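Residue numbers (the working numbering), protein chains in the order written: chain A, 729 to 830; chain B, 29 to 162.
Cβ atoms here follow ideal geometry from the backbone N, Cα and C, with glycine treated the same way.
Keep in mind that this is a model prediction, so the values were computed, not measured.
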């Protein structure tokens, strides 16, 4: 089973991203949406949690949510792909199940 | 009526919850009562002041330009916590500048934002008569 994990909380406020990554298995995908997009930034206290998992897990981040929050794509951790709403739909369709980490 | 020291504490990122916008609206309403108002931004609250916010694609109101009106309401003590910026890989340059015109100094334009340490923020909280948390 290939699962998509969505995370919508800031990793500096809640542990949803950390827990999602811990529970994602090899080949799974993590999509950061809403306040979850702060987890995609380089140079934060939590960046290593993501960069250490890249390779085993595919990471995606919602571009419109980055823009809303003033986060430049140049400051995203290397290896995270930026998607739009149709990309979100494609990810959901491509995976067997979606799990939301709220 | 004696003047009280009001402190509005902002700890939430914008857009993901309604706290940031609600706080800003309460501050603007409260500004009409001519109290001594300070704003504190710490933890994820520092994200509220990020420059370059553009909400068109998410279909929400971009309320970040409204912070720039605070100076006109004599709300010019805006404290941002250094440790909170550091934890998020941010510096003062990542925040939009907020200014006010100082009536005691020939209306010179001055910065409203002051970056403070956690210890200094604790002291600001300690010195406040009324604390509103968002």
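By the CB criterion at 9 angstroms, residue 60 (chain B) and residue 36 (chain B) fall outside the cutoff.
Look at the region 751 to 767 of chain A: the residues with a C-beta under 8 angstroms from a C-beta of chain B are 762, 763 and 766.
The beta carbon of residue 138 (chain B) is closer than 7 angstroms to those of 127, 128 and 130 in its chain, skipping five residues each way along the sequence.
Among the residues facing chain B, residue 743 (chain A) is not included, as its CB has no counterpart in that chain under 9 angstroms away. Beta-bridge pairing by DSSP links residue 787 (chain A) to A:758.
With at least 16 other beta carbons inside 10 angstroms of its own, residue 739 (chain A) counts as buried. A Cβ-Cβ distance of about 7 angstroms is found for the pair residue 734 (chain A) and residue 829 (chain A), placing them in contact under the 8 angstroms criterion.
Counting C-beta atoms within 10 angstroms of its own C-beta, residue 825 (chain A) has fewer than 16 neighbours from the protein chains shown and is therefore classed as exposed. At a C-beta separation below 7 angstroms, residue 793 (chain A) has these neighbours in chain B: 86. Against residue 72 (chain B), the close residues of chain A are 738, 740, 741, 763 and 766, in the order they occur along the chain (beta-carbon pairs closer than 8 angstroms). What residue 82 (chain B) touches in chain A, judged by beta-carbon distance under 8 angstroms, is 795, 796 and 798, going in chain order. The distance from the Cβ of residue 760 (chain A) to that of residue 799 (chain A) is about 11 angstroms, inconsistent with a contact at the 8 angstroms cut-off.
Among the residues of the region 88 to 117 of chain B, those with a Cβ less than 9 angstroms away from any Cβ of chain A are 88, 90, 92, 112, 114, 115, 116 and 117, in the order of the chain.
For residue 822 (chain A), the uninterrupted alpha helix (DSSP H) segment begins and ends at 813 to 822. Take residue 135 (chain B), set aside five residues on each side of it, and the residues of its chain with a beta-carbon closer than 8 angstroms to its own are 129, in chain order.
Your pair residue 152 (chain B) and residue 108 (chain B) does not check out as a contact, with CB atoms roughly 11 angstroms apart and the cut at 8 angstroms. Residue contact with chain B for residue 815 (chain A): absent (no Cβ-Cβ distance below 9 angstroms to any residue of chain B). Neighbours of residue 771 (chain A) in chain B, taken as residues at a C-beta separation under 7 angstroms, are given in chain order as 117.
At least one CB of chain B lies nearer than 9 angstroms to the CB of residue 775 (chain A).
Annotation: the continuous beta strand (DSSP E) that includes residue 136 (chain B) extends over 136 to 139.
Using a 10 angstroms sphere on the CB of residue 772 (chain A), the tally of other CB atoms reaches 16 or more, which defines it as buried.
The C-beta of residue 125 (chain B) comes no closer than 9 angstroms to any C-beta of chain A. Burial state of residue 71 (chain B) is buried, judged by a 10 Å Cβ sphere holding 16 or more other Cβ atoms. Secondary structure note for residue 54 (chain B): its alpha helix (DSSP H) is the uninterrupted segment 47 to 58.
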